[in-house]
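Novice:
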Amino acid sequence: MQERQTLIAEYIQKEGEVRFAEICELYPDLSSMTIRRDLEKLEQEGSIQRFRGGARSIDIMTKLKEATYDLREAERTEGKRRIANKAADFLSESRSIYIDAGTTCIQLAKLVPDENIFVLTSAPYVALELAQNRMNVKVHLIGGQLNRDTLALSGSYSKNYMKNLNIDLAFIGVSACSLKNGFSCGDFLEAELKKTIINQAQKVVCMMDVSKLNSNMPYTFARPRDIDVLITDRPLPDSYQKVMQSSNTVCL
(Lines of atoms letter the chains of each structure in order from A; the text may use other names.)
(Lines give C-alpha, C1' and ligand atoms only; values in the text may rest on other atoms or scores of the structure.)
Protein backbone atom coordinates (compact mmCIF):
# COMPACT_ATOMS: atom_id res chain seq x y z
CA MET A 0 0.00 0.00 0.00
CA GLN A 1 2.81 2.38 0.91
CA GLU A 2 4.48 1.77 -2.44
CA ARG A 3 1.23 2.43 -4.30
CA GLN A 4 0.65 5.66 -2.43
CA THR A 5 4.19 6.76 -3.24
CA LEU A 6 3.59 6.04 -6.93
CA ILE A 7 0.32 7.98 -6.87
CA ALA A 8 2.04 10.92 -5.17
CA GLU A 9 4.85 10.85 -7.75
CA TYR A 10 2.32 10.79 -10.59
CA ILE A 11 0.45 13.79 -9.20
CA GLN A 12 3.77 15.56 -8.62
CA LYS A 13 4.72 14.98 -12.25
CA GLU A 14 1.36 16.05 -13.71
CA GLY A 15 0.74 18.91 -11.30
CA GLU A 16 -3.01 18.29 -11.21
CA VAL A 17 -5.05 15.18 -12.06
CA ARG A 18 -8.69 14.14 -12.03
CA PHE A 19 -9.86 11.38 -9.69
CA ALA A 20 -11.11 9.32 -12.66
CA GLU A 21 -7.64 9.46 -14.18
CA ILE A 22 -6.10 7.90 -11.07
CA CYS A 23 -8.79 5.19 -11.05
CA GLU A 24 -7.87 4.32 -14.65
CA LEU A 25 -4.26 3.79 -13.58
CA TYR A 26 -5.40 1.21 -11.01
CA PRO A 27 -8.39 -0.61 -12.55
CA ASP A 28 -8.13 -3.47 -10.03
CA LEU A 29 -8.69 -1.15 -7.06
CA SER A 30 -12.00 0.20 -5.85
CA SER A 31 -12.65 3.93 -5.97
CA MET A 32 -12.97 3.87 -2.18
CA THR A 33 -9.42 2.48 -1.83
CA ILE A 34 -8.01 5.19 -4.07
CA ARG A 35 -9.98 7.83 -2.18
CA ARG A 36 -8.42 6.59 1.07
CA ASP A 37 -4.97 6.74 -0.54
CA LEU A 38 -5.56 10.36 -1.51
CA GLU A 39 -6.82 11.20 1.97
CA LYS A 40 -3.64 9.72 3.44
CA LEU A 41 -1.42 11.64 1.02
CA GLU A 42 -3.23 14.86 1.86
CA GLN A 43 -2.77 14.23 5.59
CA GLU A 44 0.95 13.76 4.94
CA GLY A 45 1.08 17.09 3.10
CA SER A 46 2.04 15.62 -0.29
CA ILE A 47 -1.07 16.72 -2.19
CA GLN A 48 -4.19 18.82 -1.90
CA ARG A 49 -7.52 17.28 -2.83
CA PHE A 50 -10.29 19.20 -4.54
CA ARG A 51 -13.68 18.10 -5.83
CA GLY A 52 -13.00 15.60 -8.59
CA GLY A 53 -9.23 15.41 -8.30
CA ALA A 54 -5.98 16.30 -6.57
CA ARG A 55 -3.04 18.62 -7.14
CA SER A 56 0.59 18.64 -6.07
CA ILE A 57 1.56 20.86 -3.15
CA ASP A 58 4.92 21.51 -4.82
CA ILE A 59 3.36 22.71 -8.06
CA MET A 60 1.03 24.97 -6.11
CA THR A 61 4.03 26.56 -4.43
CA LYS A 62 5.84 27.06 -7.72
CA LEU A 63 2.82 28.58 -9.42
CA LYS A 64 1.58 30.67 -6.53
CA GLU A 65 1.30 34.31 -7.36
CA ALA A 66 3.68 36.73 -5.66
CA THR A 67 2.42 38.13 -2.37
CA TYR A 68 0.42 41.35 -2.40
CA ASP A 69 3.09 43.41 -0.65
CA LEU A 70 5.73 42.50 -3.23
CA ARG A 71 3.41 43.09 -6.16
CA GLU A 72 2.30 46.44 -4.75
CA ALA A 73 5.89 47.66 -5.00
CA GLU A 74 6.50 46.30 -8.51
CA ARG A 75 6.06 48.56 -11.58
CA THR A 76 3.94 51.05 -9.65
CA GLU A 77 4.28 53.77 -12.28
CA GLY A 78 3.10 51.44 -15.02
CA LYS A 79 0.10 50.37 -12.94
CA ARG A 80 -0.85 54.01 -12.44
CA ARG A 81 -0.73 54.62 -16.18
CA ILE A 82 -3.01 51.64 -16.73
CA ALA A 83 -5.42 52.85 -14.03
CA ASN A 84 -5.53 56.35 -15.53
CA LYS A 85 -6.53 54.91 -18.91
CA ALA A 86 -9.13 52.65 -17.29
CA ALA A 87 -10.63 55.57 -15.36
CA ASP A 88 -11.79 57.11 -18.64
CA PHE A 89 -14.44 54.37 -18.83
CA LEU A 90 -15.90 55.06 -15.38
CA SER A 91 -18.26 57.78 -16.57
CA GLU A 92 -19.99 55.32 -18.93
CA SER A 93 -21.48 53.11 -16.22
CA ARG A 94 -23.47 53.12 -12.99
CA SER A 95 -22.86 49.49 -12.01
CA ILE A 96 -19.17 48.55 -11.88
CA TYR A 97 -17.12 45.55 -10.82
CA ILE A 98 -13.50 46.08 -9.73
CA ASP A 99 -11.35 42.98 -9.45
CA ALA A 100 -8.60 42.25 -6.95
CA GLY A 101 -5.00 43.18 -7.76
CA THR A 102 -2.53 45.99 -7.35
CA THR A 103 -3.60 47.75 -10.56
CA CYS A 104 -7.20 47.60 -9.37
CA ILE A 105 -6.38 49.41 -6.13
CA GLN A 106 -4.84 52.18 -8.24
CA LEU A 107 -8.09 52.35 -10.20
CA ALA A 108 -10.17 52.45 -7.01
CA LYS A 109 -8.35 55.64 -6.03
CA LEU A 110 -9.68 57.27 -9.22
CA VAL A 111 -13.35 56.33 -8.83
CA PRO A 112 -15.39 59.57 -8.66
CA ASP A 113 -17.42 60.28 -5.54
CA GLU A 114 -20.75 59.88 -7.30
CA ASN A 115 -23.91 57.82 -6.97
CA ILE A 116 -22.58 54.63 -8.53
CA PHE A 117 -22.69 50.99 -7.46
CA VAL A 118 -19.32 49.24 -7.13
CA LEU A 119 -18.93 45.53 -6.51
CA THR A 120 -15.56 44.06 -5.66
CA SER A 121 -13.95 40.83 -4.52
CA ALA A 122 -11.08 42.76 -2.92
CA PRO A 123 -11.40 43.93 0.70
CA TYR A 124 -8.74 46.61 0.18
CA VAL A 125 -10.66 48.05 -2.80
CA ALA A 126 -13.83 48.15 -0.70
CA LEU A 127 -11.93 49.84 2.13
CA GLU A 128 -10.45 52.49 -0.18
CA LEU A 129 -13.91 53.35 -1.52
CA ALA A 130 -15.74 53.17 1.81
CA GLN A 131 -13.28 55.50 3.51
CA ASN A 132 -12.96 58.09 0.76
CA ARG A 133 -16.09 57.97 -1.44
CA MET A 134 -19.18 58.78 0.61
CA ASN A 135 -21.58 58.72 -2.36
CA VAL A 136 -20.39 55.43 -3.84
CA LYS A 137 -22.42 52.36 -2.91
CA VAL A 138 -19.81 49.71 -2.10
CA HIS A 139 -20.64 46.02 -2.11
CA LEU A 140 -18.01 43.49 -1.06
CA ILE A 141 -18.97 40.03 -2.30
CA GLY A 142 -18.50 37.21 0.17
CA GLY A 143 -16.47 34.07 -0.13
CA GLN A 144 -13.20 32.44 0.82
CA LEU A 145 -10.19 34.75 1.25
CA ASN A 146 -7.03 33.91 -0.68
CA ARG A 147 -4.26 35.06 1.67
CA ASP A 148 -1.82 35.57 -1.20
CA THR A 149 -3.99 37.66 -3.51
CA LEU A 150 -6.28 39.07 -0.78
CA ALA A 151 -9.27 38.24 -2.97
CA LEU A 152 -12.60 36.66 -2.08
CA SER A 153 -13.92 33.82 -4.23
CA GLY A 154 -15.73 30.49 -4.06
CA SER A 155 -19.09 28.96 -4.88
CA TYR A 156 -21.00 31.58 -2.87
CA SER A 157 -19.33 34.43 -4.77
CA LYS A 158 -19.88 32.76 -8.12
CA ASN A 159 -23.57 32.00 -7.50
CA TYR A 160 -24.16 35.50 -6.15
CA MET A 161 -22.66 37.14 -9.23
CA LYS A 162 -24.84 35.02 -11.53
CA ASN A 163 -27.85 37.01 -10.31
CA LEU A 164 -26.36 40.45 -11.02
CA ASN A 165 -26.12 42.57 -14.14
CA ILE A 166 -22.95 44.64 -14.45
CA ASP A 167 -22.43 47.54 -16.84
CA LEU A 168 -18.66 47.44 -16.68
CA ALA A 169 -16.11 45.00 -15.24
CA PHE A 170 -12.44 45.76 -14.63
CA ILE A 171 -10.47 42.51 -14.50
CA GLY A 172 -6.88 42.05 -13.36
CA VAL A 173 -4.57 39.68 -15.25
CA SER A 174 -1.82 37.55 -13.70
CA ALA A 175 -0.51 36.01 -16.93
CA CYS A 176 -1.17 36.04 -20.67
CA SER A 177 0.00 33.94 -23.60
CA LEU A 178 -1.05 33.45 -27.20
CA LYS A 179 -1.79 29.78 -26.55
CA ASN A 180 -3.66 29.92 -23.23
CA GLY A 181 -5.11 33.42 -23.14
CA PHE A 182 -5.57 35.23 -19.81
CA SER A 183 -4.90 33.14 -16.72
CA CYS A 184 -4.46 33.25 -12.95
CA GLY A 185 -3.11 31.01 -10.22
CA ASP A 186 -6.27 30.13 -8.30
CA PHE A 187 -9.10 27.91 -9.57
CA LEU A 188 -11.83 29.62 -7.54
CA GLU A 189 -10.74 33.08 -8.65
CA ALA A 190 -10.67 31.95 -12.28
CA GLU A 191 -14.22 30.62 -12.00
CA LEU A 192 -15.39 33.90 -10.46
CA LYS A 193 -13.71 35.94 -13.22
CA LYS A 194 -15.44 33.78 -15.85
CA THR A 195 -18.82 34.43 -14.24
CA ILE A 196 -18.23 38.18 -14.02
CA ILE A 197 -17.08 38.37 -17.64
CA ASN A 198 -20.25 36.55 -18.68
CA GLN A 199 -22.47 38.94 -16.70
CA ALA A 200 -20.84 42.24 -17.70
CA GLN A 201 -21.95 44.38 -20.63
CA LYS A 202 -18.36 45.55 -21.17
CA VAL A 203 -15.15 43.90 -19.95
CA VAL A 204 -11.90 45.81 -19.50
CA CYS A 205 -8.79 43.77 -18.70
CA MET A 206 -5.80 45.56 -17.18
CA MET A 207 -2.30 44.14 -17.49
CA ASP A 208 1.31 45.29 -17.50
CA VAL A 209 3.27 43.80 -20.38
CA SER A 210 5.60 41.91 -18.03
CA LYS A 211 2.74 39.37 -17.79
CA LEU A 212 3.03 38.47 -21.49
CA ASN A 213 4.40 35.09 -22.60
CA SER A 214 3.62 33.58 -19.20
CA ASN A 215 1.03 31.09 -18.00
CA MET A 216 -0.77 30.39 -14.76
CA PRO A 217 -2.75 27.15 -14.24
CA TYR A 218 -6.27 28.44 -14.87
CA THR A 219 -7.42 30.26 -18.02
CA PHE A 220 -10.37 32.56 -17.34
CA ALA A 221 -10.69 34.36 -20.68
CA ARG A 222 -9.62 34.46 -24.31
CA PRO A 223 -9.18 37.70 -26.28
CA ARG A 224 -12.64 37.21 -27.83
CA ASP A 225 -14.18 37.33 -24.34
CA ILE A 226 -13.05 40.85 -23.52
CA ASP A 227 -13.80 44.25 -25.06
CA VAL A 228 -10.77 46.29 -24.03
CA LEU A 229 -7.21 45.45 -23.00
CA ILE A 230 -5.24 48.21 -21.27
CA THR A 231 -1.47 47.86 -20.90
CA ASP A 232 1.35 50.08 -19.68
CA ARG A 233 3.27 49.76 -22.95
CA PRO A 234 2.34 48.78 -26.54
CA LEU A 235 1.80 45.08 -27.19
CA PRO A 236 4.14 43.13 -29.49
CA ASP A 237 2.85 42.75 -33.06
CA SER A 238 1.92 39.09 -32.55
CA TYR A 239 -0.41 40.01 -29.69
CA GLN A 240 -1.77 43.06 -31.52
CA LYS A 241 -2.85 40.85 -34.42
CA VAL A 242 -4.65 38.39 -32.15
CA MET A 243 -6.46 41.19 -30.32
CA GLN A 244 -7.48 42.87 -33.57
CA SER A 245 -8.82 39.62 -35.00
CA SER A 246 -10.87 39.22 -31.80
CA ASN A 247 -12.22 42.80 -32.03
CA THR A 248 -10.52 43.63 -28.75
CA VAL A 249 -9.53 47.29 -28.39
CA CYS A 250 -5.96 47.77 -27.14
CA LEU A 251 -5.05 50.91 -25.21
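Position 7, counted from 1, in the sequence shown is what numbering that gives the first Met the number 0 calls 6; the numbers after and before it change by one each time, with no gaps. Built from N, CA and C at the ideal position, the CB exists for glycine as well. This one's a predicted model, so the numbers in the text were calculated from it and none came from an experiment.
Where does the unbroken alpha helix (DSSP H) through D167 begin, and where does it stop?
Specialist: No alpha helix (DSSP H) contains D167, which is instead part of the beta strand (DSSP E) from 166-172.
Novice: What is the DSSP secondary structure of E9, reduced to helix, strand or coil?
Specialist: If DSSP states are grouped into helix, strand and coil, E9 belongs with the helices.
Novice: In whole angstroms, what separates the C-alpha of V17 from that of F182?
Specialist: Whole-angstrom Cα-Cα distance: 22 angstroms.
Novice: Kindly indicate the opening and closing residues of the alpha helix (DSSP H) around I105.
Specialist: I105 -> alpha helix (DSSP H) spans 102-108.
Novice: Considering only the beta carbon of each residue, do K202 and L168 sit closer than 8 angstroms?
Specialist: Yes, they are a contact pair.
Novice: For Y26, which residues from the same chain have a beta carbon less than 7 angstroms from its beta carbon, with the 5 sequence-adjacent residues on both sides left out?
Specialist: Excluding residues within five positions, the ones whose Cβ falls inside 7 angstroms are I34.
Novice: Locate the alpha helix (DSSP H) running through R80, then write down its first and last residues.
Specialist: Element bounds for R80: 76-87.
Novice: Between the Cα of A175 and those of L119, S210, D232, A86, spot the shortest distance and give me the residue it belongs to.
Specialist: The option with the nearest alpha carbon to A175 is S210.
Novice: Please list, in chain order, all residues of the same chain as K193 whose beta carbon is under 8 angstroms from its beta carbon, the five residues on each side excluded.
Specialist: The residues are D99, I171, C184, F220, A221.
Novice: So the candidates are Q240, I230, S91, M243; which of them puts its Cα closest to the Cα of I82?
Specialist: Nearest of Q240, I230, S91, M243 to I82, Cα basis: I230.
Novice: Determine which residues share a DSSP beta bridge with V204 and list them.
Specialist: According to DSSP, which records beta bridges pairwise, V204 is partnered with F170, V228.
Novice: Look up R94 in the DSSP assignment and say whether it is helix, strand or coil.
Specialist: R94: coil per DSSP, three-state reduction.
Novice: When the distance is taken between beta carbons, is L188 closer than 8 angstroms to S214?
Specialist: For S214 and L188, no; Cβs fall outside 8 angstroms.
Novice: Please determine, among C104, D88, I166, K162, the residue with the shortest C-alpha to C-alpha distance to F117.
Specialist: Selected option, being the one with the closest Cα: I166.
Novice: List the residues that DSSP assigns as beta-bridge partners of F117.
Specialist: Its beta-bridge partners are S95, K137.
Novice: Which residues does DSSP pair with G185 in a beta bridge?
Specialist: Note: G185 sits in no beta bridge, so no partner.
Novice: In the DSSP assignment, the beta strand (DSSP E) including E16 goes from what residue to what residue?
Specialist: E16 -> beta strand (DSSP E) spans 16-18.
Novice: Go ahead and label D37 buried or exposed: buried means 16 or more other beta carbons lie within 10 angstroms of its beta carbon, across all protein chains shown.
Specialist: Buried, since its Cβ has 16 or more Cβ neighbours within 10 Å.
Novice: Can the beta-carbon of D227 be found closer than 8 angstroms to that of V249?
Specialist: Yes, the Cβ-Cβ distance between D227 and V249 is below 8 angstroms.
Novice: Which whole-angstrom value describes the C-beta separation of A8 and I47, a residue pair presumed to lie in contact below a C-beta threshold of 8 angstroms?
Specialist: 6 angstroms between Cβ atoms; contact.
Novice: Which whole-angstrom value is the C-beta distance of M196 and M161, which I expect to be below 8 angstroms?
Specialist: Note on identity: in this sequence residue 196 is Ile, with Met being the wrong assignment. That belief holds up - the Cβ atoms of I196 and M161 are roughly 6 angstroms apart, short of 8 angstroms.
Novice: Counting along the chain, where does the alpha helix (DSSP H) carrying S245 start and finish?
Specialist: S245 -> alpha helix (DSSP H) spans 237-245.
Novice: Are the CB atoms of T149 and D208 nearer to each other than 8 angstroms?
Specialist: Taking 8 angstroms as the Cβ cut-off, T149 and D208 do not qualify as a contacting pair.
Novice: What is the rounded straight-line gap between the Cα of S30 and the Cα of Q12?
Specialist: S30 and Q12: Cα-Cα distance of roughly 22 angstroms.
Novice: Between which two residues does the beta strand (DSSP E) containing L145 stretch?
Specialist: Taken as a continuous stretch (DSSP letters only), the beta strand (DSSP E) holding L145 covers 144-146.
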